[in-house]
Structure formats: C-alpha cells, structure tokens
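Contents: one structure, followed by commentary.
Numbering (the working numbering), first residue to last: 3 to 181.
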C-alpha cells in the first residue's frame, strides 16, 4: 500500500520475523534513526559510535530493532507536516538560516532619502553618501538592506537633481533680468 499522506514511514522491524536476515537497506534505515537521535541530542557520541558499529555488524532485523528501540523512529502525530521533498524526515532537512541583519547605514540612507521632502532636500547628500557606503558594506559583509540603500540613493540623487535644477533656473532668471 502507498502512503497517501506523504509522511515519512518510520523504520520498524518486522515483529513477526525478528530472526530474518537484515538487508543493507535495513541497516541504513537503522543508521538513519541513530543519526537522527544523535543530532537531536538523545545519544552521546560514544554511544552513537558503538550503535552505528553494531548496526553495520548486525545480521538480523531483530538485532537492528534492539539498537533503535529507545529512539523515536519517525514523525509523531503531533508534528506539523514536513515541508520539503516527500519521504525526507525533518531531521535530515537543512536548518533554515535566520535572515541576515540589516545594515544600519542602509536604513539611515532610506530615512534621509524620505526626509528630503520635509527638509527641502537638505538630507539628499547624506542619503547618497550613506547609501553608497552601505552598499559597499553589504557586499563585503553579506548583511541585508540592499533595497533600503538603493532607495536612499535614488531619493537622494533626485533631491540633488531638484536642487541643481532650481539653482539653474534661479541663475538663468538672474542672468536674463540683469541684461
């Protein structure tokens, strides 16, 4: 029968035939259970190594079942569904990494860029400087905040361009009124 819920099947010895010879796949399933128990902190290093050695030397399914009898052998009913490929226990899935920290200068760049409208563009140059500095630090350190830095740079340059345009109009008006 197939497993309709796609839950990993626990490794269990055939209770009706504990003296049945163990296949290589049976040994590997038992070793997987031992690895999971060790990674969860249920086994000490020396106990883990002894059990692994005995698992590879086991001749029968009954011997393998004794090695893993005191360890959980699959997902319990209370666990949330495993996200990932079907048949892969959560124990063997990669640990999700926390998101990288956001660069403080990138946040400062974006704040300065947003404040350009309220400060009449005075925070535009700090936004550009902080943004470029933050992007260099992000590339070097792997921190987050690339979007914040880019937003600050864009808003800062728009502010600088606005001031340049305003000053150019002011100078043209001054030159044309002076002639």
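Just so it is clear, CB atoms sit at the ideal spot from N, CA and C, and this is done for glycine as well.
Taking the alpha carbon of residue 162 as the point to measure from, which residue in 114, 147, 145, 174 has its own alpha carbon closest?
Residue 114 is the option with its Cα nearest to residue 162.
Indicate whether residue 24 and residue 66 have their beta-carbon atoms separated by less than 7 Å.
yes
Are at least three pairs of beta-carbons, each pair with one atom in the region 102–109 and one in the region 134–147, less than 8 Å apart?
yes
Does DSSP classify residue 62 as helix, strand or coil?
In the three-state reduction of the DSSP assignment, residue 62 falls in the strand class.
Short check: CB of residue 164 to CB of residue 123, under 7 Å?
yes
Run the proximity test for residue 172: is its beta-carbon closer than 6 Å to any non-hydrogen atom belonging to the ligand GDP?
Summarising the ligand content, the structure contains no ligands, and the ligand GDP is consequently not present.
Tell me whether residue 121 is buried or exposed, calling it buried when 16 or more other Cβ atoms sit within 10 Å of its Cβ.
exposed
Write down the C-beta distance between residue 71 and residue 32 rounded to the nearest angstrom, noting that I regard them as a contact closer than 8 Å.
Between residue 32 and residue 71 the Cβ distance is about 11 Å, and since that is not below 8 Å, they are no contact.
Considering residue 30, what are the terminal residues of the alpha helix (DSSP H) in which it resides?
26–41
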